[in-house]
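Asks: Provided herewith is a single structure, encoded as structure tokens, for subsequent inquiry.
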Ligand SMILES: NC(=O)C1=CN([C@@H]2O[C@H](COP(=O)(O)OP(=O)(O)OC[C@H]3O[C@@H](n4cnc5c(N)ncnc54)[C@H](OP(=O)(O)O)[C@@H]3O)[C@@H](O)[C@H]2O)C=CC1
Ligand SMILES: O=C(O)[C@@H]1CCC=N1
């Protein structure tokens with residue numbers, strides 16, 4: 010890709026995206042420009058990935074074809090205020106903040122600019138990310154394909170109706186946190202039964218990875234795949250019954266309800 014890609018804000022999500030992009034080789038790191046409130050953070054990113062340090066948010070806005078707003082939602086208003094005069098017709102703004110809509114941010118620019126809403130997750134760092142995408146009306150088919158290609162370089166990209174973006178944020182953007190909790194809990198239980206911790210993480214993580222792959226690659230219903238593990242009168246069904254008794258499914262639903270409620274507040 011010959012475009013220049015900029016990140017305003019270099020926190021956890023930006024770092025994962027930068028790592029994924031550089032690793033995929035879709036872009037030369039010399040064409041990635043990054044700004045951050047705390048400049049010292051950028052030195053580490055430059056040393057690790059060879060990206061360009063931008064002295065200011067405005068420098069990113071002036072130099073880049075695609076500008077990813079990877080700041081927290083509360084910073085959107087002031088950062089857009091800072092850069093809006095610099096944005097030209099052909100540049101693309103990418104919103105990644107939970108709860109930030111295209112319409113509300115078009116208003117902040119006070120004119121129509123090319124805009125995509127993207128909801129990535131941190132596994133982009135290892136090329137296994139999921140990025141949900143929506144586009145505004147002035148994005149051309151070529152612009153859309155450019156953003157899709159960028160996101161497919163570090164995982165899967167799913168174009169969805171923007172009305173589903175909050176759901177994608179909860180179930181795709183936030184869920185890695187819940188999955189790490191699950192892996193940690195499985196591993197703690199293994200340690201309780203005497204397994205060395207590193208082995209426990211490997212076994213629990215590979216079980217999660219393999220199960221996800223089974224859902225994606227066999228096309229079978231998750232319930233059928235679960236049933237196939239439960240031998241009649243065996244051990245797994247005992248655990249499944251214990252999980253049902255403990256409200257496992259309901260706990261997951263509660264987690265998504267809490268997430269959606271926070272997104273609904275505009276964060
Ligand atoms: N973490 C995740 O898994 C995901 C996050 N997102 C979205 O990504 C965005 C960033 O989240 P995350 O990376 O987790 O948060 P972080 O707090 O890790 O990163 C935010 C970064 O923005 C910088 N920053 C704050 N204000 C400014 C400013 N005015 N100008 C320039 N830089 C600024 C901060 O700098 P400083 O070093 O000074 O703190 C910090 O490095 C959020 O909008 C979030 O909703 C979306 C999907 C998944
Ligand atoms: O915690 C957050 O607000 C962001 C949005 C999705 C994942 N992390």
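Numbering (this note's numbering), first residue to last: 10 to 276. No residue lacks a Cβ here, since even glycine has one placed at the ideal position from N, Cα and C. Here the structure is a predicted model, which is why all the values come from computation and not from measurement.
Is any heavy atom in ligand 2 found nearer than 7 Å to the beta carbon of residue 178?
Replies: Yes - ligand 2 has a heavy atom lying nearer than 7 Å to the Cβ of residue 178.
Asks: What did DSSP end up calling residue 98 once you bin it into helix, strand or coil?
Replies: The answer is coil: DSSP assigns residue 98 none of H, G, I, E or B.
Asks: Give me the Cα-Cα distance between residue 152 and residue 101, rounded to the nearest whole angstrom.
Replies: Cα to Cα, the separation comes out at about 8 Å.
Asks: Starting from the Cα of residue 14, find the closest Cα among 36, 137, 24 and give me that residue.
Replies: Nearest C-alpha to residue 14: 36.
Asks: Mind checking who residue 61 pairs with in its DSSP beta bridge?
Replies: DSSP, once it has assigned bridges, lists 42 as partnering residue 61.
Asks: State the Cα-Cα distance for the pair residue 83 and residue 166, rounded to the nearest angstrom.
Replies: Those two C-alpha atoms are separated by around 26 Å.
Asks: For ligand 1, is there a heavy atom less than 7 Å away from the beta-carbon of residue 22?
Replies: Yes, since a heavy atom of ligand 1 falls inside the 7 Å radius drawn around the Cβ of residue 22.
Asks: DSSP three-state call for residue 125: helix, strand or coil?
Replies: In the structure shown, residue 125 sits in a strand (DSSP, three-state: E or B).
Asks: For residue 136, count neighbouring C-beta atoms within 10 Å of its own C-beta (all shown protein chains included) and say buried if the count is 16 or more, exposed if not.
Replies: Exposed is the call here.
Asks: Taking residue 98 as the reference, which of 229, 207, 123 has the closest Cα?
Replies: For residue 98, the nearest C-alpha among the options comes from 123.
Asks: Using the Cβ count rule (16 or more neighbours within 10 Å means buried), how would you classify residue 201?
Replies: It counts as exposed.
Asks: Would residue 234 be called buried (16 or more neighbouring beta carbons within 10 Å of its own) or exposed?
Replies: Classification for residue 234: exposed.
Asks: Mind checking who residue 140 pairs with in its DSSP beta bridge?
Replies: DSSP, once it has assigned bridges, lists 166 as partnering residue 140.
Asks: Closer than 7 Å to a non-hydrogen atom of ligand 2 - does that hold for the CB of residue 183?
Replies: Indeed, a heavy atom of ligand 2 lies less than 7 Å from the Cβ.
Asks: Opposite residue 75 in the DSSP bridges: which residues?
Replies: Paired residue(s): 14, 101.
Asks: Taking the Cβ atom as the reference point for each residue, do residue 77 and residue 44 lie within a distance shorter than 8 Å?
Replies: Not closer than 8 Å, so no.
Asks: Can you tell which of 191, 89, 95 has its C-alpha closest to the C-alpha of residue 81?
Replies: For the residues 191, 89, 95, the minimum Cα distance to residue 81 belongs to 89.
Asks: Please report the Cβ distance between residue 105 and residue 129, rounded to the nearest whole angstrom; I am assuming they are in contact, meaning their Cβ atoms lie under 8 Å.
Replies: Confirmed, Cβ separation roughly 6 Å.
Asks: Please tell me whether, using a cut-off of 7 Å, the distance from the CB of residue 131 to the nearest non-hydrogen atom of ligand 1 is below it.
Replies: It does: the Cβ of residue 131 is within 7 Å (strictly closer) of some heavy atom of ligand 1.
Asks: Nearest by alpha-carbon distance to residue 141: which of 228, 226, 229, 126 is it?
Replies: Minimum Cα distance to residue 141 is reached at 126.
Asks: Evaluate residue 85 with the Cβ neighbour count: other Cβ atoms within 10 Å of its Cβ, from every protein chain shown; 16 or more gives buried, anything less gives exposed.
Replies: Buried, by the Cβ-count rule.
Asks: Using only alpha-carbon positions, find the residue among 219, 168, 193, 238 that is nearest to residue 145.
Replies: When only C-alpha atoms are compared, the closest one is 168.
Asks: Are residue 213 and residue 196 touching if we call contact CB-CB under 8 Å?
Replies: Cβ distance < 8 Å, so residue 213 and residue 196 count as in contact.
Asks: What three-state label does DSSP hand residue 155 in the structure shown?
Replies: Residue 155 falls in the helix class under three-state DSSP.
Asks: Is residue 34 helix, strand or coil by DSSP?
Replies: Reduced to three states, the DSSP call for residue 34 is coil.
Asks: Locate the alpha helix (DSSP H) running through residue 273, then write down its first and last residues.
Replies: Looking at the DSSP string, the run of the alpha helix (DSSP H) that includes residue 273 is 257-273.
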